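*Asks:* Taken in sequence, the protein lines are chains A and B. The first sequence maps to residues 4 to 282 in the numbering used here. The second sequence maps to residues 90 to 325 in the numbering used here. Positions of the beta carbon are idealized from the N, C-alpha and C atoms, including for glycine. Just so it is clear, the structure is predicted and the values come from calculations on it, not from any experiment.
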Amino acid sequence: MSLFERLEKVDVRAIYLLLFLVISLPLIKPIGMPITTSQMTIAYYDVVEKLKAGDYVVVSSDFSPASMAEQYPATKGTLAHLVAKGAKIVGLGFWADSVPLLENAMKATFGSTKDNPKYGTDFVLLGWVPNGEVGMAALGKDVQTTCPKDYYGTAIGAIPMMKDIKSARDFKLLITIASGTPGVPEWLRQWQAAYGTTTITAVTAVSAPATRIYFPAQVGGVIEGLAGAAEYEVLLTRYGYKGTLVPPMDAQSLSHLLVIAFIVLGNIAFAVRKYGKGK
Amino acid sequence: MTIPEMLGTLMAATFTLMVYSFFYKENKAYRLAEHIFIGLAVAHGAVTSSKYIWDTALTPLLTKGETYWILPMLVGLLFLFFFVKKYFWIYRIPISTVVGTGIGLGMAGLMRTQFVDQIKATIGLANPKAAWYSADYLINMVIVAIMVIGTLAFFIFTIEQKGALKYAAHVGRWTMMIAFGAAFGFTVMARMSLLIGRMQFLLDYPTGVAWYTVPIAILILAAVVLMQRSKGAKKA
Chain A
4 MSLFERLEKV
14 DVRAIYLLLF
24 LVISLPLIKP
34 IGMPITTSQM
44 TIAYYDVVEK
54 LKAGDYVVVS
64 SDFSPASMAE
74 QYPATKGTLA
84 HLVAKGAKIV
94 GLGFWADSVP
104 LLENAMKATF
114 GSTKDNPKYG
124 TDFVLLGWVP
134 NGEVGMAALG
144 KDVQTTCPKD
154 YYGTAIGAIP
164 MMKDIKSARD
174 FKLLITIASG
184 TPGVPEWLRQ
194 WQAAYGTTTI
204 TAVTAVSAPA
214 TRIYFPAQVG
224 GVIEGLAGAA
234 EYEVLLTRYG
244 YKGTLVPPMD
254 AQSLSHLLVI
264 AFIVLGNIAF
274 AVRKYGKGK
Chain B
90 MTIPEMLGTL
100 MAATFTLMVY
110 SFFYKENKAY
120 RLAEHIFIGL
130 AVAHGAVTSS
140 KYIWDTALTP
150 LLTKGETYWI
160 LPMLVGLLFL
170 FFFVKKYFWI
180 YRIPISTVVG
190 TGIGLGMAGL
200 MRTQFVDQIK
210 ATIGLANPKA
220 AWYSADYLIN
230 MVIVAIMVIG
240 TLAFFIFTIE
250 QKGALKYAAH
260 VGRWTMMIAF
270 GAAFGFTVMA
280 RMSLLIGRMQ
290 FLLDYPTGVA
300 WYTVPIAILI
310 LAAVVLMQRS
320 KGAKKA
């Protein structure tokens, strides 16, 4: 059996093991490969930069724990940036299991949530809003009726920063941390198109190609997956933000090189088998 | 680190390793983790949904006397007829309400965001910060124009694809191939990110839980493999 024939019949578990090693080693001992920022991440950053103190921003957590690796760093970075700009943050989620993750990100940013003195004046967590796109339409039309209580059971009327918030028109910016449906297209249909709300998004890498088509006309900025979140962390360093994504980006780059190597080797082996026989 | 945090971390690490044991082969530990995950997700969904109904509809009905909430709740209860064969048709009433409302709301915005605005954006695309006379602006505009027209040509089925239309459709096919390739690349990136996220959790958070859970997992895996081999040897 030739080398190429062996390559074609290699045990898939050997590839898994190599992948685990290639990913683990940079996490244990980071290389510090450079991270360059894309136009879409810069645009995302710029939109938040333009906010003035006291502007209301919706941060919608629309992802599942499965995509936490990509979306959680983007959520934390976004919250830190909004705090630095003095924006009033209204957190909610259209994916039921994403709200605890948003709460965790708020805890990481503010130190605590409902017991924090700033809770209710600078930030609030409204919790899960059901029914996807219909829920988004309802929220845009009437925030108070759609979310009668916050995540902790406090009546929305008793929350100081929410007293004058009636509809989507009261928000300066909508940020959706999205990984599927409901996500970016639904928000665009019910908020951006209906009320002209400026919209930016952090999406998983899988959703990125489908989201790019909205940039820059309909979505003002896009963070694409883990790489986008790492780029955003680099931009946030000017606010003293300490990111965690340099080692993961090393791992990401090396794992891609490994995949490329496998694809090239696999194709060479295939070509040798196919065209070598004719000789 | 408190004891509940430690237990939570260990549990998360154990479940991660149980799921990743699938990389070796299908096994009971993986199945158990999968079933527990599904059960937890369903339970979480049920509890959050019930809480929302309680906060939004039941509380105003009971405390403020807002009787108009009775109607949507009754329509919602009709979903339960899904489980009654004889009256299954009643289940179609809430389903049609949900589908009708969803499609109606979606269609209204869809024509604008995914049709009119997309056409407008395509016509005026490329780098928004670049001057109209700059090279990248012109190159991007030409590429976008050729590829969009080519892809649209690919989907013209009412005329036989020959002559100019055939070549335009070829351009469309290549455009889509490039798009699929890019989408595949993004998918690989996403999948790697998920693995990296878990590996980072195991190695970094909060005290490198992997350093003692992974060796234990390897020992368990080795024990299972040895047991299976000895069973196989006995049968033989």
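#1: Run down chain A in chain order and give the residues with a C-beta less than 7 angstroms from the C-beta of F112 of chain B.
#2: Name the two residues that bound the continuous beta strand (DSSP E) containing F126 of chain A.
#3: Which of the three DSSP states is assigned to L20 of chain A in this structure?
#4: Is it true that the CB of T81 of chain A sits closer than 8 angstroms to the CB of I178 of chain A?
#5: Just verifying my parser: in three-state terms, what is the DSSP assignment at V205 of chain B?
#6: My output table needs one value for D14 of chain A: the three-state DSSP class, helix, strand or coil.
#7: In the region 26-60 of chain A, which residues sit with their C-beta less than 7 angstroms from some C-beta in chain B, listed in chain order?
#8: Could you compute how far the alpha carbon of Y19 of chain A sits from the alpha carbon of A274 of chain A?
#9: Among A:D65, A:G246 and A:Q193, which residue has its Cα nearest to the Cα of G198 of chain B?
#10: Could you tell me if Q317 of chain B is buried or exposed, where buried requires 16 or more neighbouring beta carbons within 10 angstroms of its beta carbon?
#11: Classify V86 of chain A as helix, strand or coil using the three-state DSSP reduction.
#12: In three-state DSSP terms, what is E227 of chain A?
#13: Could you give the residue range of the alpha helix (DSSP H) that holds S139 of chain B?
#14: What in chain B is Cβ-close to A211 of chain A, meaning under 7 angstroms?
#15: Going along the chain, which residues of its own chain have a beta-carbon closer than 6 angstroms to the beta-carbon of Y244 of chain A, five neighbours each way excluded?
#16: Considering I266 of chain A, what are the terminal residues of the alpha helix (DSSP H) in which it resides?
#17: Find the residues of chain B that neighbour A111 of chain A, judging by a C-beta separation of less than 9 angstroms, and give them in chain order.
#18: Where do the N-terminal and C-terminal ends of the beta strand (DSSP E) with T39 of chain A fall, by residue?
#19: Could you check which residue in A:A197, A:A254, A:P212 and A:A181 has the C-alpha nearest to that of I203 of chain A?
#20: Does any C-beta atom of chain A lie closer than 8 angstroms to the C-beta of D225 of chain B?
#21: Is DSSP giving D65 of chain A helix, strand or coil here?
#22: By the 9 angstroms beta-carbon criterion, what residues does the region 165-177 of chain A contribute toward chain B?
#23: Report yes or no: do the region 56-76 of chain A and the region 96-107 of chain B share at least 3 C-beta pairs separated by less than 8 angstroms?
#24: Have a look at F104 of chain B and A122 of chain B and give me their C-alpha separation to the nearest angstrom.
#25: Is there a Cβ from chain A that is less than 8 angstroms from the Cβ of S282 of chain B?
#26: With a Cβ-Cβ cutoff of 8 angstroms, do V237 of chain A and V225 of chain A count as a contact?
#27: Helix, strand or coil for L6 of chain A, going by three-state DSSP, please let me know.
#28: Among A:P251, A:L260 and A:L129, which residue has its Cα nearest to the Cα of K152 of chain A?
#29: How big is the Cα-Cα spacing for P185 of chain A and M196 of chain B?
#30: Which term fits F243 of chain B, buried or exposed, when burial requires 16 or more other beta carbons within 10 angstroms of its beta carbon?
#31: Does DSSP put T202 of chain A in a helix, a strand or coil?
#32: Less than 8 angstroms between the CB atoms is what I'm expecting for A72 of chain A and R287 of chain B, so what's the real figure, rounded?
#33: Quick one: measure Cβ to Cβ for L85 of chain A and V137 of chain A, integer angstroms, because I've assumed they're closer than 8 angstroms.
#34: What ranges does the alpha helix (DSSP H) occupy inside the region 152-221 of chain A, keeping only unbroken runs of at least 4 residues that lie completely in it?
#35: I believe G35 of chain A touches V249 of chain A by the beta-carbon criterion, under 8 angstroms. Please report the beta-carbon distance rounded to the nearest angstrom.
#36: Who are the neighbours of K152 of chain A on chain B, taking C-beta pairs under 7 angstroms?
*Replies:* Short version:
#1: Counting only Cβ-Cβ distances below 7 angstroms, F112 of chain B has contacts in chain A at R16 and Y19, in chain order.
#2: Per DSSP, F126 of chain A is one residue of the beta strand (DSSP E) stretching across F126 to W131.
#3: DSSP places L20 of chain A in helix when its eight states are reduced to three.
#4: Their beta carbons are under 8 angstroms apart, which means I178 of chain A touches T81 of chain A by this criterion.
#5: In this structure, DSSP gives V205 of chain B a helical state, which the three-state scheme calls helix.
#6: Judged by DSSP in its simplified three-state form, D14 of chain A adopts coil rather than helix or strand.
#7: Listed by position along the chain: I26, S27, L30 and I31.
#8: Computed Cα separation, rounded: 24 angstroms.
#9: Minimum Cα distance to G198 of chain B is reached at A:Q193.
#10: By the Cβ neighbour-count rule, Q317 of chain B is exposed, with fewer than 16 other Cβ atoms within 10 Å of its own.
#11: In the three-state reduction of the DSSP assignment, V86 of chain A falls in the helix class, which pools H, G and I.
#12: If DSSP states are grouped into helix, strand and coil, E227 of chain A belongs with the strands.
#13: It spans K117 to I142 - the alpha helix (DSSP H) in which S139 of chain B sits, taken as one unbroken run.
#14: In chain order: F275.
#15: Result list for Y244 of chain A: A83, in chain order.
#16: Its alpha helix (DSSP H) spans residues V249 to G279.
#17: Within 9 angstroms of the CB of A111 of chain A, no CB atom of chain B is found; the nearest one sits about 12 angstroms away.
#18: Careful: T39 of chain A lies outside any beta strand (DSSP E) and carries neither H nor E.
#19: Shortest Cα-Cα distance from I203 of chain A to any of A:A197, A:A254, A:P212 and A:A181 involves A:A181.
#20: For D225 of chain B, the answer is no, since every Cβ of chain A falls outside 8 angstroms of its Cβ.
#21: DSSP places D65 of chain A in strand when its eight states are reduced to three.
#22: Going along the region 165-177 of chain A in chain order, one finds no residue with a Cβ nearer than 9 angstroms to chain B.
#23: Contact between the region 56-76 of chain A and the region 96-107 of chain B is not established, with fewer than three Cβ pairs separated by less than 8 angstroms.
#24: F104 of chain B and A122 of chain B: Cα-Cα distance of roughly 6 angstroms.
#25: Under the Cβ criterion of 8 angstroms, S282 of chain B is counted among the residues facing chain A.
#26: Note that the C-beta distance between V237 of chain A and V225 of chain A is not below 8 angstroms.
#27: It is helical.
#28: Measuring from the Cα of K152 of chain A, the nearest candidate turns out to be A:L129.
#29: Approximately 15 angstroms, taken between the alpha carbons.
#30: When all chains shown are included, F243 of chain B counts as buried.
#31: It is a strand residue.
#32: Rounded, the Cβ-Cβ distance is 7 angstroms, consistent with contact.
#33: Taking a contact as a CB-CB distance under 8 angstroms, the pair L85 of chain A and V137 of chain A does not count as one, their CB atoms being some 27 angstroms apart.
#34: As far as the region 152-221 of chain A is concerned, its whole alpha helix (DSSP H) runs of at least 4 residues are 187-190 and 211-215.
#35: That pair is a contact at about 6 angstroms.
#36: In chain order: D144.
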